[in-house]
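Enquirer: Structure provided below as structure tokens; questions to follow.
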Amino acid sequence: MSERWHSCPECGQELDRDYNSALLIQKIGLLSTQEEDITSVKTAVRASLAEEFRALP
126 MSERWHSCPE
136 CGQELDRDYN
146 SALLIQKIGL
156 LSTQEEDITS
166 VKTAVRASLA
176 EEFRALP
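Residue numbering for the sequence shown follows our numbering, starting at 126 and increasing by one per position.
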């Protein structure tokens, strides 16, 4: 855990370990929503805001 940087052996890209982990978690989360036809949070929030806006007098 003392290693703070990840260096890709294939392309040579170097990223902070925590940032790289966050990118991987995001990628896995986005892929799982596509495979299971789950609504993303961004889409759900937009729909909710639109519904609330239509309810305003």
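Note that beta-carbon positions come from the ideal geometry of N, C-alpha and C, so glycine has one too.
From a predicted model like this one, the values you see are computed outputs, not experimental measurements.
1) If you drop the 5 nearest sequence neighbours on each side, which residues of the same chain put their C-beta closer than 6 Å to that of R129?
2) Based on the DSSP secondary-structure assignment, which residues constitute the bridge partners of E176?
3) Starting from the C-beta of H131, find all residues in its chain whose C-beta is less than 6 Å away, skip the five residues before and the five after it, and write them out in chain order.
Expert: Reading off the structure:
1) Within the same chain, R129 has close Cβ partners R142.
2) Looking at the DSSP assignment, E176 forms no beta bridge with any residue, so it has no partner.
3) L140, R142, N145
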